[in-house]
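Q: Shown below is the structure under consideration.
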Amino acid sequence: MAPTADIIIIGAGISGLAAGCYAQMNGYRSIIFEASDLPGGLCTARSHQNYTFDGGIHYIFGTGPGQPFYSLWQELGAVPELEFVNQSEFMQIRGSQGEVLRVHSQPDQLQAHLLELAPEDAKLIEGFCKGVRKFKEFDLSMLQQKPKSLMTAADWARLGKQVLPFMGVLGKWSQLSLRDLAAQAKNPFLRRAMPHMFAWPDVPVMVGMSLLAYLDNGNAGFPVGGALSFTNAIEQRYLALGGEIYYSAPVERVLVENDQAVGVRLTTGEEHRAERVLSACDGRRTIFDLLKGKYINRRIEKLYDGHLPLHSQFQVSLGVAMDFAQQPAWVTHLLEEPVAIAGQDHCEIGVKHYGFDPSLAPPGKSVVSLMLTTHYHDWQTRYNDGTPSRDAEMLIDRMEAFYPGLRAAIECMSVTTPLSLEKATGNWQGASSGWLLTKDTLPLMIKGVPKRLPGLDHFYMVSQWTEPGGSLPIVALSGRNMVAEICREDGRTFEVSVPN
Ligand SMILES: Cc1cc2nc3c(=O)[nH]c(=O)nc-3n(C[C@H](O)[C@H](O)[C@H](O)COP(=O)(O)OP(=O)(O)OC[C@H]3O[C@@H](n4cnc5c(N)ncnc54)[C@H](O)[C@@H]3O)c2cc1C
C-alpha cells in the first residue's frame, strides 16, 4: 500500500501541532491522530454551564513582541492575533497569623516588600532580587534555537558569547533550589513561605528568577479566552498550512517493518501508512506500549524506571456565583492544621481565580481553582475508581473559612487528579511537565533526552518527555527542531514562515 502521508504525528498537544506546522511549512504532507476530541493535550480547557475550566496553565513565555520565544509563536499563528493579560503580582502567600508575602514581578517592588517583611534577611533578599534583574536580559530560548546536531562551530561560538555574561548567575542559582534558599532565611515566615513562591519548592532558583523577570518584561502573559484559545490558534495555523487532524483517533500501535516505522494502527483497527512516524505524546507509552518496548537501551530503561521526579496535581475547578474580581488572582494559603487529601496531609493550598479574564465566566460570577501538589501513588492505591469527590468536598470545606459563602455559591465543579489527567492525556502519572525541573534534572535538560530509538529508523519523538521540565515554548521548539533535523536528513534547507 502506498504511504498516505510523509509524516504521521501522534498527538495534537502543542508539540504535535508545532511539529505539524513546521512539517507543512517545509513541504511535508502530515497527518495528526489525536486520542481526545479536542486539541491541546495539557494546554486545553473544557466548558461547563457557561464556565470555562482551564487545564491550569498560568503564563506563556514569549508573548511580548520582540522578546525571547515571540517569533516562535508568530510562526505558529498565536501572536499577534491573541490578546494576553500580564500580571504584576504572580502570587500571594498567606500565613496563618495574617502575614502576607506578595510575589511582585518588579524586582525593586519585590525587594522593598520583602525587606519590610523580613529586614533581618536583607542579604538574602537583595541577592535574590539582583538575580531577577540580571535574568531580565537573559534569553532562555538561546539554548533551544537550533537542534544541537545542527549547530556549527560558529553557532557554538555565538552561544558561548551570549551565555558568558550570565555564567556567574547561572552557576550560582541553577544549583540551588528555592527550598534550599528559603532554609537560609532567619525570618520564620519568609522561611515558611518562600519555597511556595512559584508553587514548586524544588524549582532551581534561576527558573523562578527567570519567571519573575519575564513577567516583569511583559513576556509571560495569559491568553484571553484561556489555554484553548491559544491552542485553537495553532490548530488553525496547522489547518491553514494544509495539515490534517483526526480527533478521537487513539493510536494503539506504531507499525514497523524491517526495523523501520511505516505507519500507525488506531484502536479501531484502521491502519495508516507514512514515510515517517513522529510521536508527540507520552514518552513511556510510546516506547513501552505503542512499540512494545522493542527499541530500548539501558539509558532509556533508566529514564523510565521511576527514579526521576515528576510533578502532578489535584485540582478542583469551580464555577461560582460569586465575584472574585477584587481578590488577588492567586493565593497560596499556609494552613496550621493540615487537610488530608488522598490520605496525605497537605498544608499548602493554592486558590486561583480567573477574574482577570471575564470571558471565562458569566458576568458577576467566577471560575475558581483549588490546587495542591500530590503524588500519583496516593491516588493509585486508594482511588482506582477515579471518583475523588470526597477529597474535593473536604478541600472546599476548608476553603470556606477563607472565602465565606463559597460552598453555597458553587454552580458546577470539575475535579482533576493525576489518575484522571493520565487517562485524559496519556501522560505518565498525570505529570504536568514531563520530568520535573530540579537542580538535579537541570543537567538532563541541557544534555537532552534521546529523540530517536536505538535500532528503529524513520521514527522520532518530541514533547515534554524529550525536553525535561516541559512548558509550552520548549515543547513547541521540540517539534520545530525535529522538523529541522528531518529536513537535514533529506538535504533540504529548513524554512519557516509567518501567516499573512
Ligand atoms: C496544571 C498545569 C499547569 C501548567 N502550567 C504551565 C504554564 O503556566 N506555562 C507553561 O509553559 N506550561 C505549563 N504547563 C506545562 C505544559 O502545559 C506542558 O508541558 C505542555 O502542554 C506539554 O505539551 P506536549 O505536546 O508535550 O504534551 P501533551 O500536552 O500531553 O500532548 C500530548 C497529546 O497526545 C495525545 N495522545 C496521547 N496518547 C495518544 C495516542 N495513543 N494516540 C493519539 N494521541 C495521543 C494526548 O491526548 C495529548 O493531546 C502546565 C501543565 C499543567 C498540567
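In my numbering, the protein residues as written are -2 to 497. Ideal Cβ placement from N, Cα and C applies to all residues, glycine included.
1. Could you tell me whether the Cβ atoms of residue 203 and residue 87 are closer together than 9 Å?
2. Would you grab the beta carbon distance between residue 150 and residue 347 for me? Rounded to a whole angstrom, and I think it's under 8 Å.
3. Answer with buried or exposed for residue 388, where buried requires no fewer than 16 other C-beta atoms within 10 angstroms of its C-beta.
4. State buried or exposed for residue 24, treating a residue as buried only when at least 16 other CB atoms are found within 10 Å of its CB.
5. Helix, strand or coil for residue 404? Go by DSSP, reduced to three states.
6. Between residue 442 and residue 419, is the Cβ-Cβ spacing less than 9 Å?
7. Ignore the nearest five residues each way along the sequence and tell me which others in residue 397's own chain have a CB closer than 8 Å to its CB.
8. Is any heavy atom of ligand 1 found at a distance shorter than 8 Å from the C-beta of residue 58?
9. Should residue 161 go down as buried or exposed, given a rule of 16 or more other Cβ atoms within 10 Å for buried?
10. Are the beta-carbon atoms of residue 46 and residue 408 separated by less than 9 Å?
11. Let's test the definition: count the other Cβ atoms within 10 Å of the Cβ of residue 146 and tell me whether it reaches 16, buried, or not, exposed.
12. Does the separation of the CB atoms of residue 16 and residue 27 fall below 9 Å?
13. Anyone know if the C-beta pair for residue 305 and residue 422 falls short of 9 Å?
14. Does the beta-carbon of residue 113 have 16 or more other beta-carbons within 10 angstroms, so that it is buried, or is it exposed?
15. Can you tell me the Cα-Cα spacing of residue 502 and residue 435, whole angstroms?
16. Throw me the rounded Cβ distance for the residue 217 and residue 30 pair, which I believe falls under 8 Å.
17. Would you mind reading off the limits of the beta strand (DSSP E) that contains residue 101?
18. Which residue marks the beginning of the alpha helix (DSSP H) containing residue 374, and which one marks its end?
19. Identify the continuous alpha helix (DSSP H) that holds residue 71 and give its terminal residues.
20. Please name the residue in 7, 312, 292 and 338 whose C-alpha comes closest to that of residue 449.
21. Taking the continuous beta strand (DSSP E) assigned at residue 459, which residues delimit it?
22. Below 8 Å on the Cβ atoms is my guess for residue 430 versus residue 12; work out the distance and round it to an integer in Å.
23. Alpha carbon to alpha carbon, what distance is there between residue 332 and residue 72?
24. When you compare only the Cα positions, how much space is there between residue 553 and residue 417?
25. Quick one: complete alpha helix (DSSP H) runs, 4+ long, within the region 412 to 484?
26. Less than 8 Å separating the Cβ of residue 73 from some heavy atom of ligand 1?
27. If you draw a straight line from the C-alpha of residue 235 to the C-alpha of residue 212, how long is it?
28. By DSSP, does residue 262 sit in helix, in strand, or in coil?
29. Could you tell me the boundaries of the alpha helix (DSSP H) in which residue 3 lies?
30. Please confirm whether any heavy atom of ligand 1 lies closer than 8 Å to the CB of residue 269.
31. Return the chain-ordered list of same chain residues with a C-beta closer than 6 Å to the C-beta of residue 138, the five sequence neighbours on each side being excluded.
32. Rounded to whole angstroms, what is the Cα-Cα separation between residue 163 and residue 68?
33. Quick one: grab the DSSP three-state call for residue 345.
34. Can you check which of these residues, 243, 79, 187 and 411, is closest to residue 125 by C-alpha distance?
35. Do residue 228 and residue 41 have their beta-carbon atoms positioned less than 9 Å apart in this structure?
36. By how many angstroms is the C-alpha of residue 154 removed from the C-alpha of residue 99?
A: Answer, in terms of the structure:
1. no
2. 46 Å between Cβ atoms; not a contact.
3. buried
4. exposed
5. helix
6. no
7. 403 and 404
8. yes
9. exposed
10. yes
11. exposed
12. yes
13. no
14. exposed
15. With the chain covering -2 to 497 only, the question about residue 502 has no answer from this structure.
16. Not quite, the Cβ-Cβ distance comes to about 32 Å (not below 8 Å), so this is no contact.
17. 97 to 101
18. 373 to 379
19. 67 to 72
20. 292
21. No beta strand (DSSP E) holds residue 459; DSSP gives it neither H nor E.
22. That belief does not hold up - the Cβ atoms of residue 430 and residue 12 are roughly 12 Å apart, past 8 Å.
23. 45 Å
24. Residue 553 lies beyond the residue range present for the chain, which begins at -2 and ends at 497; the question has no answer from this structure.
25. 415 to 422 and 439 to 444
26. no
27. 28 Å
28. strand
29. Residue 3 -> not in any alpha helix (DSSP H); beta strand (DSSP E) instead, spanning 2 to 7.
30. no
31. 65 and 66
32. 23 Å
33. strand
34. 187
35. yes
36. 40 Å
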